[in-house]
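The sequence shown begins at 1 in full-length UniProt numbering and counts up one residue at a time.
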Amino acid sequence: IGKEKFHKSQHWGYCNNVAMLVGEDKPGIGGEPLPGRKLKPKCSVFPEGSDAPAWVAFDKQVLSFDAYFEEEVPVKNQELYRIRHCKIYFYLEDDTIQVIEPQVKNSGITQGTIVRRHRIPLPLPHEDQFYTIDHFNINTEVIFYARKYKIIDCDQFTKNFLRKMGVRLNPPAGRPDDPYTKERQKILDSMKPLRPYERIDTLKQFLEHDGHVLRFFCVWDDPESVFHDPRELVLHYYLSDDTIDIKEIIPVNSGRDAFPLFLRRDKLPKYAPTGLYQPGTITSRTVLNVFGKLAGNRGHYILDNRKTGAVHQEFYRDGDLKIGAVINVWGRKIILCDCDEFTKEYYRTKYGIEDFTPVPYKAPPPPKPEKKFPPYTGFGSEEDSLRSCMGLLPKPPQKDFKKFMEKDRSGMESNILRFLAKLVTDSPIDKDRKFIISYFLSDDTISIFEHIQQNTGILGGKFLERGRIKKPGQELLKSEPSEYFKAQNLFVGARVCFHGHNFLLVDADEYTFNYMEKHANEFSVADIGVILKKLKDITEPRSREIRQVFAATDPEHTKVIEYDPFRNLIVSITDGVFSEHEILTLGRYYSVRDEYEMDLHFLLAVAQEQLKKKNFEDFEQLSAVLIYNDREKCGVLPHEMCRTICKSFKLPLADDNLQALLTIFEDDHKQVEYKKFVDGLNWRENQIPACQTIKVPLKNEDDRSGQPPSLPVKGIKYLPLLDDLFGKEE
Numbered sequence: 001i002g003k004e005k006f007h008k009s010q011h012w013g014y015c016n017n018v019a020m021l022v023g024e025d026k027p028g029i030g031g032e033p034l035p036g037r038k039l040k041p042k043c044s045v046f047p048e049g050s051d052a053p054a055w056v057a058f059d060k061q062v063l064s065f066d067a068y069f070e071e072e073v074p075v076k077n078q079e080l081y082r083i084r085h086c087k088i089y090f091y092l093e094d095d096t097i098q099v100i101e102p103q104v105k106n107s108g109i110t111q112g113t114i115v116r117r118h119r120i121p122l123p124l125p126h127e128d129q130f131y132t133i134d135h136f137n138i139n140t141e142v143i144f145y146a147r148k149y150k151i152i153d154c155d156q157f158t159k160n161f162l163r164k165m166g167v168r169l170n171p172p173a174g175r176p177d178d179p180y181t182k183e184r185q186k187i188l189d190s191m192k193p194l195r196p197y198e199r200i201d202t203l204k205q206f207l208e209h210d211g212h213v214l215r216f217f218c219v220w221d222d223p224e225s226v227f228h229d230p231r232e233l234v235l236h237y238y239l240s241d242d243t244i245d246i247k248e249i250i251p252v253n254s255g256r257d258a259f260p261l262f263l264r265r266d267k268l269p270k271y272a273p274t275g276l277y278q279p280g281t282i283t284s285r286t287v288l289n290v291f292g293k294l295a296g297n298r299g300h301y302i303l304d305n306r307k308t309g310a311v312h313q314e315f316y317r318d319g320d321l322k323i324g325a326v327i328n329v330w331g332r333k334i335i336l337c338d339c340d341e342f343t344k345e346y347y348r349t350k351y352g353i354e355d356f357t358p359v360p361y362k363a364p365p366p367p368k369p370e371k372k373f374p375p376y377t378g379f380g381s382e383e384d385s386l387r388s389c390m391g392l393l394p395k396p397p398q399k400d401f402k403k404f405m406e407k408d409r410s411g412m413e414s415n416i417l418r419f420l421a422k423l424v425t426d427s428p429i430d431k432d433r434k435f436i437i438s439y440f441l442s443d444d445t446i447s448i449f450e451h452i453q454q455n456t457g458i459l460g461g462k463f464l465e466r467g468r469i470k471k472p473g474q475e476l477l478k479s480e481p482s483e484y485f486k487a488q489n490l491f492v493g494a495r496v497c498f499h500g501h502n503f504l505l506v507d508a509d510e511y512t513f514n515y516m517e518k519h520a521n522e523f524s525v526a527d528i529g530v531i532l533k534k535l536k537d538i539t540e541p542r543s544r545e546i547r548q549v550f551a552a553t554d555p556e557h558t559k560v561i562e563y564d565p566f567r568n569l570i571v572s573i574t575d576g577v578f579s580e581h582e583i584l585t586l587g588r589y590y591s592v593r594d595e596y597e598m599d600l601h602f603l604l605a606v607a608q609e610q611l612k613k614k615n616f617e618d619f620e621q622l623s624a625v626l627i628y629n630d631r632e633k634c635g636v637l638p639h640e641m642c643r644t645i646c647k648s649f650k651l652p653l654a655d656d657n658l659q660a661l662l663t664i665f666e667d668d669h670k671q672v673e674y675k676k677f678v679d680g681l682n683w684r685e686n687q688i689p690a691c692q693t694i695k696v697p698l699k700n701e702d703d704r705s706g707q708p709p710s711l712p713v714k715g716i717k718y719l720p721l722l723d724d725l726f727g728k729e730e
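Right under this line is the structure:
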């Protein structure tokens, strides 16, 4: 008894401390169903198979059923009801249903979508449930919003799917006819023309073929022409009324007048042996005078039903036109040489013609002579001199504006590749000189800056003005455009010659490495996939030996080796085939990532130290701009917006330090609390005690060398590299 009372109590709940009945859907303890409780599935239940969800497993799979419904017509005596046929689509991915009625010509009924796609509830008293796949079968009825649909059949895919679901399909039902439509068809079939003459009805042909035009490309060899050159024509045959018009294609500078049409649109008669007929000879109907002049001046006329005096004339039809045929256009012999795709499809469908080989009627045009430009004179740029050879009015050379807009400096993206270089020379003075080579991606220009070194006797600074640099070994005065250095020619380890000075690129900044790795499809030396494939082809025959060499380099089995031993191993294994940049890319990909936790006081102390050193005090103005951008006055702004505003103030902080500070001041919704952020940076009012300040070198601190930082690759995990090359060792 106590157990029964316990289960019965599960149907009760409390609302405002008042016990009340909550329904049968509430589960028992642990979510288990109660005894006697019937579970109501909310969606269709499919047999177990793939683990993918329904919206993936049944994507673009729809069950299609043929159905009809009866519609009462209380306002007409001719029909009491209508039979309207429709399609029911059941979408397996989400159990939605759509009902569409196909369009019937001249029905006078608004047709199309009857029920838009959505989940349809069951009729009363089960309105809390929806239709699933179990409710559909052939020769059954379904009710959608009080309208009863009779399912009579389905397509083959639906039948196969339902059989796989274990549904026993009923035999298809017959398709009933609409009584009013059937009656109307009987009336139309029994109707006969009331007049004794033949009815000429061209409306059907016009409605079926309006806008359908056959196009043929023709040629007329005019014998009276002075030069006997063929005249190119285009013939249009209008299927709506069997008329033809012809237009002449007049070549440029032919000396002929350009007429709108060679032949205006009309029916084109075939050649008549008796010559041309006089106007009025050919008529559509013949009129007979029954009494003549016997009944005075009043005659009695009837139409000639037998057409005894009619004159028949044949016109060109679509069956007379084909490629290679010769037609007579008012005494002119015109050859049909080719046609368009629509015309080919028309003849292929109607007449079964498959051969559409065009008739050659003119010699192929001679090849255009190669346009040769005179050699470069040496005055001005090559592009500017070339433009003077392309027209009477020289125009300045156009720059690649699209590339400029895409690769110009935008926010934090400088689009400048910077490399550290040294001179390749035997001079002891020039060996220690260091240069910064900057490649501007927006216009493929290069500038060189020399690092200032004290007590060397060499003035540093600008070494080469920004501009494009030609590759060495090219002829100066030539017709072909010169080749210039591209971004792909610059990488760590490359040797380049700029105006007779040989440089060796020994390092690059972090932005350059990141940019080249992000655009690996443009830079093969930074594509880790290409590098691994190249390394695998070289080392695969010696996999066991290479594993032993790497293991010998790591005697303590830390699974990590330093970069210098790693570089020496790669160079010895590949016999110097790999460039320094490719080895650096490998090292960066398999390097050990330092994971550490940022200390707020440490970061603020370092930031305040740097701001104080740079004498930055515009905290009130920075706070005002942040408040102005906070339109909703909620005290928070997006991370990127705060970063952009700080950069617009030229805040003297490294980008990674600024990013870390903004991240620390974010709330749960990834929004930066800018007031706390500005207060933390304000070294005037909220200065951190000196005991908490730790002196550390910053990335953007003035380094008079101006050279990019060295690559921060310390340790390299060599086991993942070996696994990627030779597979995991058993």
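Don't be surprised by glycine CBs; every beta carbon is placed ideally from N, CA and C.
Q: Tell whether a beta-carbon distance below 9 angstroms holds between Tyr-718 and Ile-583.
A: no
(Q) Tell me the DSSP secondary structure of Asn-502 in three-state form. (A) strand
Q. To the nearest whole angstrom, what separates the beta carbons of Pro-172 and Asp-153, a pair I think is in contact under 8 angstroms?
A. 4 angstroms
Q.
Helix, strand or coil, according to DSSP, for Tyr-590 in the structure here?
A. coil
Q | Residue burial classification, Ala-624 (beta-carbon count within 10 angstroms, cutoff 16) | A | exposed
**Q.** Tyr-68 versus Phe-46, Asp-128, Lys-148, residue with shortest Cα-Cα distance
**A.** Lys-148
Q: Output the distance between the C-alpha atoms of Ser-385 and Asp-257, rounded to the nearest integer angstrom.
A: 41 angstroms
Q. Is it buried or exposed for Glu-224, if we count other Cβ within 10 angstroms and need 16 for buried?
A. exposed
Q.
Report the CB separation of Asp-304 from Leu-288 in whole angstroms; it is logged as a contact under 8 angstroms.
A. 5 angstroms
Q. What did DSSP end up calling His-85 once you bin it into helix, strand or coil?
A. strand
Q) At what residues does the beta strand (DSSP E) containing Ile-334 begin and finish? A) 332-339
Q.
For the pair the region 649-656 and the region 610-624, tell me if three or more CB-CB distances fall below 8 angstroms.
A. yes
Q. Which class does Ala-421 belong to by DSSP, given the choice of helix, strand or coil?
A. strand
Q: For Leu-233, collect the residues of the same chain with a Cβ closer than 8 angstroms to its Cβ; drop the 5 residues on either side in sequence, then sort them by chain order.
A: Phe-217, Cys-218, Val-219, Trp-220, Ile-246, Lys-247, Glu-248, Ile-249, Phe-262, Ile-334
Q. Measuring CB to CB, does Val-530 end up less than 9 angstroms from Phe-491?
A. no
**Q.** Inter-residue CB distance, Trp-55 and Asp-94 (contact presumed, cutoff 8 angstroms)
**A.** 6 angstroms
Q) For Ser-572, which three-state DSSP category applies? A) helix
(Q) For Glu-406 and Lys-614, what's the separation of their Cα atoms in angstroms? (A) 33 angstroms
Q: Check each candidate in Phe-435, Leu-441, Leu-268, Glu-522 and name the one with the smallest Cα separation from Lys-402.
A: Leu-441
Q. So, helix, strand or coil for Thr-456, using DSSP?
A. coil
Q: Report back the beta-carbon spacing between Leu-214 and Asp-318 to the nearest angstrom; my notes put them in contact at under 8 angstroms.
A: 6 angstroms
Q: Taking only heavy atoms of the ligand SAH into account, decide whether any of them is closer than 8 angstroms to the Cβ of Phe-157.
A: Questions concerning the ligand SAH fall outside what the structure shown contains, since it holds no ligand whatsoever.
**Q.** Of the residues Val-73, Asp-507, Thr-558, Tyr-277, the one placed nearest Ala-421, counting alpha carbons only
**A.** Asp-507
**Q.** Exposed unless 16 or more other CB atoms sit within 10 angstroms - verdict on Thr-202
**A.** exposed
**Q.** Extent of the continuous beta strand (DSSP E) run through Pro-230
**A.** 230-238
**Q.** Pair within 9 angstroms by beta-carbon distance, Phe-161 and Leu-92
**A.** yes
Q: Could you name the residues of the same chain whose beta carbon sits closer than 8 angstroms to that of Leu-259, not counting the 5 residues immediately before and after it, in chain order?
A: Correcting the residue type first, residue 259 is Phe in the shown sequence and not Leu. Contacts found: Glu-248.
Q.
Relative to the C-alpha of Val-549, which candidate in Asn-686, Glu-517, Arg-567 has its C-alpha closest?
A. Arg-567
Q: Please confirm whether Leu-569 and Thr-553 have their CB atoms less than 9 angstroms apart.
A: yes
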